[in-house]
Every structure is written in C-alpha cells, then in structure tokens.
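*Asks:* Following the numbering used here, the numbering of the sequence shown begins with 438 at its first residue and continues without gaps. Glycine is no exception: its CB is placed at the ideal position from the N, C-alpha and C atoms. Below is one structure. I have some questions about it.
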Amino acid sequence: LAASKAFLDDLEGRKAERVGVLTHKTGELGALLQELEGALSADQTKFLKVVSDLTLGRIEQLDARIAEQQQHKRERQAAVGGLVEEIKGLWRELHMAAEAFTAGSVDARIQAGEEWRLTGAGVAELEAHVQQLRDERERRSAAKNKAMEELQGLWDITKAESEAAQTFAAAHNTLSTQCMDAIRAEIVRLQTVKQAMMKELVLEKRAALAEVWEAMRLPEEKRTQAAAELAEEYTEASLHAREEAVRGAQQLLSDMQPLLKIVDRRLFIRAEEAAMKEQQGDLSRLLGRGRGMAERLKQEERVRNMVTKELPKLNEKLKALITEFKETHGRDFEVDGVVYEEVLRDDMEAANANAKARKAGGKAGAPPPSSTKVPPQTPRDGKDEGGGRPAGGAAPGSTATKFRSTAKAISRVPMASLDTNSVGSKRHAGDHFELSRRESVTFALPLMLCCAVCCRG
C-alpha cells in the first residue's frame, strides 16, 4: 500500500502538471483567437472546453493550433502595417493635411497612432479606406490630365510663350486641391484671351482648311461649296466647326496620299512619253553622233520601259486602291474634280485597243519596226521606178539611181496611203518607232548621198 500510494502521488503530481500546461495553452489559444477573430465560434469554444483529455496528444494538438494562429497573427500584422503605410503614402501624394481629417475616421485614428485591430473586420476596414484613397487619386489624376490638356490647347491657340507655359506646368505638377484650383483659374484666364482672339483664330483655321483642300486637289467650285457650309461667324461654334473640318480633311488627305503619289507618277510617265514623241518628230536627230546621241537613245529606252512595263503595274495598283478608297469613304476618288476611276478605265481601254491594233497589224503582214522597206510607188512621169532611165542620166542599176529612187519614194508617199505600221509611214509622220544603229545608217546614208548626187547632176 505504501508503494502504491507513492505511485499514486506521482500520478497526481503529473496530472496537476498536465492540467496546468493545458490550462495555459488553452488560455493562450483563446487569446489569439479573440485577437484575430474578435469572437469565438461555437467550434472554437467547444475545442477549448475539452479538459478531460490530459494526454500528450492533446498538448501537441494545442501547440499546433497555437503555432497556426501565431503565424496568422504575424501575417495580419504585416498586412495592417503595409496598409497603414500605403495610406500615409497616399496622404502625401494627395497632399492631405492632418487638420482636414474627420474625428473618428480611419485617417484620424491612424494619425493619432491608434493600434489597429488585427481582426478580419479591422483589416477589411483598412483595405476599403485604401481603395477609397486610390480612387480619389485616380479621379484627381484624370481631372488634372484633362485640365492640362485643355490648358495646353489654350496655350497653343493663344500663342503663349513656351517658357512661361513650362514654368506653370512644373509649378503645378501635384494632385493637391490647391494645384487643381490654380489650373482651373488659368483656364478661365486663357479662355478670356481666346475670346478676344476669336476672329484671328477663325481666319487661321479657314486658311489651314484651304491648304488641305489644295493638297487634296479639290476643284474651286467644290471648295466654294464646302466653305459655304461653314458659317461666317467669329464664335466658338464656328471655330469648333472649322477645327472639325480641318481634322476630317487631313484624315481624308492622309488616305488619299498613296493614290495621289501613283497619279503623279503616271502623269510624269505620260509627260516623258509625250516629250519623247515630240523629239522623235525631228528626223535630224538620227544624224547625231557621239555621247549625246547615245544618252538620248538610252533615255528613250528608259521611257519606253516606263510606258510598257511600269505604267500597267501602276494602273492595276491604282485601280485596287481606288476600290478600297470607295469602300472606306463611300465616295469617288477625284483629282481636280475628275473621277479618276473613269480616267483610269479610259486609259486602260485605250491601251488595250492599241495593243490589239498592233497585234492585228502584225498578222496582216505589216513590216516589223526594224524593216527598211518602202511600198512601191508610181512616179510622177507614170513610169515604174525600176524601169526606164530617170532624169539625171544615171543608169537604171546605178547607185545614184537607187538613192534618188529611195528619196523620191519617201517624199512623194501620201500619209493616207501608207500602212500605219510601216517604217516609211512612221518616218514620214515622225511617229514613235524603234531604230537600231544599223537601221539609222541604212535610212539616213542614202538620203545624204542622194542629195550630193542631185547637186552634182
């Protein structure tokens, strides 16, 4: 019995010790839950009231719960500290003075150094206040940007000095209410200046619109019609209408630029082609020699390549761009009042007709461009050029007779009687044709020698 009593006393001591440990841990866990949650839930209360379990497992269970809540507390403390610091940063950004805080508000309690509760409701209150300050910052920032944009426009319109404008902008680069009030006051001042300059501003926009119309190659009658639609008044509404008209015309001009570039290139090629044909009308150019003649022939070859190769590609590209332009803007593409789609269609149809005519002429037996043959003609004395002895005494088969025959045949051939594809016709009319160096000598040399023979005769 004495031994059993000693064992029981030892068990009683261990029990008391376990009860003390469990009581301490239960109290610590309850305090953490109260601090983090504000009130204990039914499950939490039930868990803490279990006092009959004095095992080591119960102690380990309490230790795990305590460690979990302590970690949760540290996280809450970090979150609350971060939110408080962000609130103070937003105060500085918005230039909020402490005296402007309402008593009992979140701002006033933080300013007073009150220790913030770590409950979920406390953290949610801080988060909501941070969001309010963020929204206020966004609202002020948007209002300031809009006001500065209006102010910049007024500076531009009233031709304010750039240095003064930059100084003002640098001095009012905050989100404080005082800064916003100063910006609004400057806007009101500049609007007064703008009203005093209204006539000058309207006339400037009219001139700017005329420049855009000129670049668009708008005909005079359409310019007059468009100008008549804008009221001749020196008011804010009239100025705004002209500003809108300038923006719309500039956008349309931007869309027309690729087409106008091709139109200009086509006109250049056509002008070069016309100049080349005019030069080809002068047959004396075939007698030229040296570098000048070579350069002229190279230039003619470049022009032919532009006409036969580049121009068809430009036509196809311009046709596609005109279709896209009509679909986008719902209007015809016009240059100097002419619907260019019709011009392009007529040009392409004419080019196709010429190509078919040249092809048909070649099939009909017309001599190729390199040919130097001339159709046989009847001379004025009624005799064939190959029969009888022509005037001058030269033998029928002599060189002089052949030279005279060639010159007389070319000079006597009527334009209407010549095949339009023959070399003789083209040389007679100065039309476009191609001559190699050998052809040039073949054609020009007999004429020169013929003149010499005739003079001696």
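Do you know how far the Cα of L493 is from the Cα of S478?
*Replies:* 25 Å
*Asks:* Between K863 and R707, what straight-line distance do the alpha-carbon atoms span, to the nearest angstrom?
*Replies:* Its pLDDT being 41, under 50, K863 is placed unreliably in this model, and the coordinates cannot settle the point.
*Asks:* At 3 residues or longer, and completely inside the region 579-653: list those beta strand (DSSP E) runs for me, N to C.
*Replies:* List check, beta strand (DSSP E) in window: nothing returned.
*Asks:* By the DSSP assignment, the alpha helix (DSSP H) with E764 in it spans what residues?
*Replies:* L748 to H766
*Asks:* Cβ atoms of I624 and L588: under 8 Å apart, would you say?
*Replies:* Between L588 and I624, the C-beta spacing is below 8 Å.
*Asks:* Using DSSP with H/G/I as helix, E/B as strand and the rest coil, what is E564?
*Replies:* helix
*Asks:* Which one or two residues does DSSP pair with E771 in a beta bridge?
*Replies:* Answer is V776.
*Asks:* Who are the Cβ neighbours of A619 in its own chain at under 6 Å, not counting the five residues just before and after it?
*Replies:* H609
*Asks:* Quick check: E709 and M730, are their CB atoms within less than 8 Å of each other?
*Replies:* No.
*Asks:* Is it right to say V639 is buried, meaning 16 or more other beta carbons lie within 10 angstroms of its own, or is it exposed?
*Replies:* buried
*Asks:* Between the alpha carbons of R939 and L697, how many angstroms are there, rounded?
*Replies:* An answer regarding residue 939 cannot be provided, because it is not within the stretch 438 to 894 covered by the chain.
*Asks:* Buried or exposed for V630, please, with buried defined as at least 16 other CB atoms from any protein chain shown within 10 angstroms of its CB.
*Replies:* exposed
*Asks:* Apart from the five residues just before and just after I547, which ones in its own chain have a Cβ nearer than 8 Å to its Cβ?
*Replies:* V521, I524, K525 and W553
*Asks:* Where does K642 land, buried or exposed, given buried means 16+ other C-beta within 10 angstroms?
*Replies:* In summary, K642 is buried, with 16 or more beta-carbon neighbours lying within 10 Å of its beta-carbon over all protein chains present.
*Asks:* Answer with buried or exposed for A443, where buried requires no fewer than 16 other C-beta atoms within 10 angstroms of its C-beta.
*Replies:* By the Cβ-count criterion, A443 is exposed, with fewer than 16 other Cβ atoms from all chains shown falling within 10 Å of its own Cβ.
*Asks:* Do you know how far the Cα of S542 is from the Cα of G519?
*Replies:* 19 Å
*Asks:* Compare the beta carbon distance of N752 and M713 with 8 Å and say whether it is the shorter of the two.
*Replies:* no
*Asks:* Give the straight-line distance between the Cα atoms of A535 and W528, rounded to the nearest whole angstrom.
*Replies:* 9 Å
*Asks:* Are the beta-carbon atoms belonging to L470 and I496 less than 8 Å from one another?
*Replies:* no
*Asks:* Compute the Euclidean distance between the alpha carbons of C616 and A580, then round it to the nearest angstrom.
*Replies:* 11 Å
*Asks:* Thinking just about the alpha-carbon of each residue, which of A665, S613 and Q632 is nearest to the one in L531?
*Replies:* S613
*Asks:* Use the C-beta contact count for A515: other C-beta atoms within 10 angstroms, 16 or more gives buried, fewer gives exposed.
*Replies:* By the neighbour-count rule (16 or more Cβ atoms within 10 Å), A515 is not buried but exposed.
*Asks:* Can you tell me the Cα-Cα spacing of R455 and R502, whole angstroms?
*Replies:* 18 Å
*Asks:* Would you call L646 buried or exposed, if buried means 16 or more other Cβ atoms sit within 10 Å of its Cβ?
*Replies:* Buried is the call here.
*Asks:* When the Cα of Q507 is compared with those of V517, E472, F538 and K483, which residue comes out closest?
*Replies:* E472
*Asks:* Going along the chain, which residues of its own chain have a beta-carbon closer than 6 Å to the beta-carbon of G774, five neighbours each way excluded?
*Replies:* P656
*Asks:* What ranges does the alpha helix (DSSP H) occupy inside the region 653-687, keeping only unbroken runs of at least 4 residues that lie completely in it?
*Replies:* 657-665
*Asks:* So, for F762: in the same chain, excluding its five sequence neighbours on each side, which residues have a beta-carbon less than 7 Å away from its beta-carbon?
*Replies:* In the same chain as F762, and ignoring 5 residues on each side of it, the C-beta atoms closer than 7 Å to its own belong to D692, L696 and F770, in chain order.
*Asks:* Verify whether the separation of the beta carbon atoms of R621 and A584 is less than 8 Å.
*Replies:* A contact, by the Cβ cut-off of 8 Å.
*Asks:* Ends of the alpha helix (DSSP H) at W528?
*Replies:* L493 to L531
*Asks:* If L485 sits next to L466, beta carbons under 8 Å apart, how far is it from one beta carbon to the other, in whole angstroms?
*Replies:* 7 Å
*Asks:* Is the beta carbon of V683 less than 8 Å from the beta carbon of V649?
*Replies:* yes
*Asks:* Report the CB separation of K452 from L499 in whole angstroms; it is logged as a contact under 8 Å.
*Replies:* With a Cβ gap of about 17 Å, K452 and L499 do not count as contacting.
*Asks:* For A674, count the other beta carbons within 10 Å of its own beta carbon; 16 or more makes it buried, fewer makes it exposed. Which is it?
*Replies:* exposed
*Asks:* Considering only residues of the same chain and omitting the five flanking positions on each side of V776, which have a CB-CB separation below 6 Å?
*Replies:* D769
*Asks:* Grouping DSSP H, G and I as helix and E and B as strand, with all else coil, what is E454?
*Replies:* It is helical.
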